[in-house]
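*Asks:*
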Amino acid sequence: MTLTQAEVAAAKPLPLSKGVPLLGGIPHLIRSPFDYLQQARDEVGDIFRLNVSGINIVVLNHPRHAQHMLRDDAKNYPKEGAMWNSARRMFGNGLITSEGDFWLRQRRMIQPSFHRQAIHNLFELMLNAIDEQLAQWPTQATTLDLLPLFNRLTMNVIAQTMFGVRFSEARMQTISENVQVIFDDLIRGMLDNVLPSWLPLPGRQKYQRALEQFDEMVFEMIARCRAEKTAVGILPMLLEMQDQEIGDRMTDGQVRDELVSIFAAGYETTALAMSWTADFLARDPKLQQT
1425 MTLTQAEVAA AKPLPLSKGV PLLGGIPHLI RSPFDYLQQA RDEVGDIFRL NVSGINIVVL
1485 NHPRHAQHML RDDAKNYPKE GAMWNSARRM FGNGLITSEG DFWLRQRRMI QPSFHRQAIH
1545 NLFELMLNAI DEQLAQWPTQ ATTLDLLPLF NRLTMNVIAQ TMFGVRFSEA RMQTISENVQ
1605 VIFDDLIRGM LDNVLPSWLP LPGRQKYQRA LEQFDEMVFE MIARCRAEKT AVGILPMLLE
1665 MQDQEIGDRM TDGQVRDELV SIFAAGYETT ALAMSWTADF LARDPKLQQT
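Mapping of the sequence shown onto the working numbering: residues 1425 to 1714, in sequence order.
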């Protein structure tokens, strides 16, 4: 939808979230970004401006905003700016962050991996991975911290369905900690893209170490899969994919970017969804019987 000049002129200015002189919301974003953004939403509404040292960033909060930008009118919202640049530090040029002809090429190559039959072939791996984790859950405890349990369960499913391997508890813990550092850094990483590189920001080195260790694990899995032709899972399918027009396959770097994108989409989001679902069910005994 294109607005006329009159409509643009008549539009009310977006409310501005609270900040401090000169720096705007930077101190809050460094100290507690999600609490700050939630408080701003509660105070001024679902759409507001965030001042980052003189740079205005529009923050959207409602699901319909995401649908409008990412699906209904995506062509008018290129993946540019501080937030997307921050995301590319983790996702590279995978489906989440790429666009245009390259995005279309990658999507066409990857789509067969998520065909109904391809997913069906992974069911047994998924079920075995879930059963392995559930067998380790405490049975006599009166209370359980579900999020770390669901994190390990989801990690085990991803390890077996994506890489065809079983990670040790120690390695799952290391990967989980690194991923948490990387995810938590997305907003701070946005500040990296709008502030001078010489300005000291907490967490830069910690983030870099976490990303390097995570990449080391991913490239190790790629090398292992190339060497072991009998490997099963999503990774072997990605390595075998071929561009139907020019016959090219993905490089290790491109495979890495797509694996990280799939991993990010299926790990923390799934664990959080299951944790909140369990909490919701625990509060309503009637639902537990349905």
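For glycine and all other residues, C-beta sits at the position ideal for the given N, C-alpha and C.
To which residues does DSSP link Trp1478 through a beta bridge?
*Replies:* First, the amino acid is wrong: residue 1478 is Gly here, not Trp. Per DSSP, none; premise fails for Gly1478.
*Asks:* Whose C-beta lies closer than 6 angstroms to the C-beta of Ile1481 among residues of the same chain, with five residues either side of it excluded?
*Replies:* Leu1474.
*Asks:* From this set, Glu1692, Gln1678, Asp1676, Gly1449, which residue's C-alpha is nearest Glu1601's C-alpha?
*Replies:* With distances taken between Cα atoms, Glu1601 lies closest to Glu1692.
*Asks:* Grouping DSSP H, G and I as helix and E and B as strand, with all else coil, what is Gly1518?
*Replies:* Looking at Gly1518 - three-state DSSP - the assignment turns out to be coil, as it is neither helix nor strand.
*Asks:* Count the other CB atoms, across all protein chains shown, that sit within 10 Å of the CB of Gln1530; report buried if there are 16 or more and exposed otherwise.
*Replies:* So Gln1530 counts as buried.
*Asks:* Which of helix, strand or coil does DSSP assign to Gly1613?
*Replies:* If DSSP states are grouped into helix, strand and coil, Gly1613 belongs with the helices.
*Asks:* Nearest-angstrom Cα distance between Lys1436 and Phe1704?
*Replies:* So the alpha carbons of these two residues sit roughly 39 angstroms apart.
*Asks:* Does DSSP put Val1679 in a helix, a strand or coil?
*Replies:* Residue state, collapsed to three classes: helix.
*Asks:* Sort out for me which residues DSSP pairs Arg1473 with in a bridge.
*Replies:* According to DSSP, which records beta bridges pairwise, Arg1473 is partnered with Leu1440, Val1482.
*Asks:* DSSP state of Gly1448, grouped into three classes?
*Replies:* Reduced to three states, the DSSP call for Gly1448 is strand.
*Asks:* So which of Leu1447, Gly1443, Ile1471, Ala1506 has the shortest CA-CA distance to Asp1616?
*Replies:* For the residues Leu1447, Gly1443, Ile1471, Ala1506, the minimum Cα distance to Asp1616 belongs to Ala1506.
*Asks:* Is the separation between the beta-carbon of Ser1685 and that of Ile1520 shorter than 8 angstroms?
*Replies:* Yes; because the gap between Cβ atoms is below 8 angstroms, this pair is in contact.
*Asks:* With C-beta atoms as the reference, is Asn1575 less than 8 angstroms away from Ala1702?
*Replies:* Against a cut-off of 8 angstroms, the Cβ pair of Ala1702 and Asn1575 comes out as no contact.
*Asks:* Quick check on Pro1626: buried or exposed, where buried means 16 or more other Cβ atoms within 10 Å of its Cβ?
*Replies:* So Pro1626 counts as exposed.
*Asks:* Leaving out five residues before and five after Gln1666 in sequence, what residues of the same chain have Cβ atoms less than 8 angstroms from its Cβ?
*Replies:* Excluding residues within five positions, the ones whose Cβ falls inside 8 angstroms are Met1533, Asp1672, Arg1673.
*Asks:* Where does Asn1545 fall in DSSP's three states?
*Replies:* Three-state DSSP puts Asn1545 in coil, outside helix and strand.
*Asks:* Output needed for Val1603: all residues of its chain with C-beta closer than 6 angstroms, excluding positions within five of it in sequence on either side, in chain order.
*Replies:* Here the set comprises nothing.
*Asks:* I think Gly1518 touches Met1586, with their Cβ atoms under 8 angstroms apart; what is that distance to the nearest whole Å?
*Replies:* That pair is no contact at about 14 angstroms.
*Asks:* What residue range is occupied by the uninterrupted alpha helix (DSSP H) comprising Met1533?
*Replies:* That run of the alpha helix (DSSP H) goes 1524 to 1534.
*Asks:* The alpha helix (DSSP H) spanning Val1589 covers which residue range?
*Replies:* Val1589 -> no alpha helix (DSSP H), and no H or E assigned at all.
*Asks:* Within 10 Å of its beta-carbon, does Thr1578 have 16 or more other beta-carbons around it, so buried, or fewer, so exposed?
*Replies:* Flag for Thr1578 reads buried.
*Asks:* Measuring alpha carbon to alpha carbon, tell me which residue in Arg1595, Gln1632, Glu1593 is nearest Leu1610.
*Replies:* Looking at the Cα atoms, Gln1632 is the closest of the given residues.
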